[in-house]
Amino acid sequence: MDVYSQNFIVTLPDVGENNELTNKGILRMMQEIACVHSSLVGFGVNDATSTGFAWILLNWKLQVFTRPIWNAKLKISTWSSKHTLVAFYRDFEVLDENNNLVAIATSKWLLFDFNKNSIVKLNSEVEAKYTHVDRHVFDVPMLEKLKEPENSKLVSEYTVSRRDIDTNHHVNNLNYLDFAYEALPDDVFFNCDFKNIEIMYKHEAKLSDTLTFFYAKQDDGVFVTIKDKYDGKLHCIVRLY
Numbered sequence: 500m501d502v503y504s505q506n507f508i509v510t511l512p513d514v515g516e517n518n519e520l521t522n523k524g525i526l527r528m529m530q531e532i533a534c535v536h537s538s539l540v541g542f543g544v545n546d547a548t549s550t551g552f553a554w555i556l557l558n559w560k561l562q563v564f565t566r567p568i569w570n571a572k573l574k575i576s577t578w579s580s581k582h583t584l585v586a587f588y589r590d591f592e593v594l595d596e597n598n599n600l601v602a603i604a605t606s607k608w609l610l611f612d613f614n615k616n617s618i619v620k621l622n623s624e625v626e627a628k629y630t631h632v633d634r635h636v637f638d639v640p641m642l643e644k645l646k647e648p649e650n651s652k653l654v655s656e657y658t659v660s661r662r663d664i665d666t667n668h669h670v671n672n673l674n675y676l677d678f679a680y681e682a683l684p685d686d687v688f689f690n691c692d693f694k695n696i697e698i699m700y701k702h703e704a705k706l707s708d709t710l711t712f713f714y715a716k717q718d719d720g721v722f723v724t725i726k727d728k729y730d731g732k733l734h735c736i737v738r739l740y
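Set out below in structure tokens:
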């Protein structure tokens, strides 16, 4: 399967106080269509028990152009834009009902083997399931490795709750964006409409882990770094601009 498209409707949880589609709402739909696309070729969430494999998200890069309101109709398309020996790159395009561009994104995924408890190479069988489409939504298709700014300051901490856990028994990747917003100062949160987001995931967080949030402002945006309170292990870096 090459390009897969699906229609979505902006639901109430997808909009913010101003009744506009949020960044988390967009990523939620993209996460959903990625799961559907993989399920159609036998590597979906429901297939994990039989295949022994699950896709692990490593990076997001999102750019937003417009913000539709509640009940708006959207068409989202996704495809395999590139792959290496271990990494699978997936691109996304979001259009409104008038074919106006709403958002674009790219992402990087790894295939996890439950039996070996490790990342595995993408063999010919897996590669054959996804038709490679030589089309990239960004001029520079590679995802930048994010680094914690030197001026990062500890702002808060949080203990992972049951509501944060997904089907892989880890914190759902969308929740890290929630964590990042909670770490922002009020004047930044209420006055900035971040239309560009980059997220880099490093290590999974699990139930009852205590996370520390570090905030930094740079010329190229604001950064939130999320670490384990006790061993300093890096879980995630979020860049907003």
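Counting from 500, one number per residue, gives the positions in the sequence shown under the working numbering.
Glycine residues also receive a C-beta, built at the ideal position from the N, C-alpha and C atoms.
Here the structure is a predicted model, which means the values were calculated and not measured.
Selection from the options that minimises the alpha carbon distance to residue i
i    : options                   : result
K732 : K628, Y740 and D708       : D708
L653 : V670, C534, H668 and E681 : E681
F591 : A679, T577 and N599       : T577
T510 : A604, R566, R662 and N558 : R566
D501 : K581, V514 and T666       : K581
L594 : Q505, S651, P648 and D730 : Q505
S655 : E626, F713 and H669       : F713
P684 : K694, R662 and A715       : A715
N695 : Y740, L539 and P648       : Y740
H668 : L645, V514 and H702       : H702
C-beta contact flag for residue i and residue j at 7 Å
i    : j    : result
A704 : V737 : no
V723 : A679 : yes
W559 : I698 : yes
L673 : L526 : yes
L609 : L557 : yes
F689 : D612 : no
Y657 : C735 : no
D663 : V670 : yes
Helix, strand or coil at residue i [DSSP, three-state]
i    : result
K732 : coil
G720 : strand
D692 : coil
R527 : helix
R661 : helix
Beta strand (DSSP E) segment containing residue i, residue limits
i    : result
M699 : N695 to Y700
E592 : A586 to D595
Y743 : Limits of the chain in this structure are 500 at one end and 740 at the other, which puts residue 743 out of reach.
Residue i - containing alpha helix (DSSP H), residue span
i    : result
E681 : N674 to A682
K705 : Taken as a continuous stretch (DSSP letters only), K705 belongs to no alpha helix (DSSP H), as it is neither H nor E.
T548 : A547 to T550
A627 : S623 to K628
Quick check: the region 621-628 against the region 578-593, are there 3 or more CB pairs under 8 Å? yes
Hey, is the region 533-548 in contact with the region 564-572, meaning 3+ C-beta pairs nearer than 8 Å? no
With a threshold of 8 Å, are at least 3 pairs of Cβ atoms found where one atom belongs to the region 629-639 and the other to the region 603-613? yes
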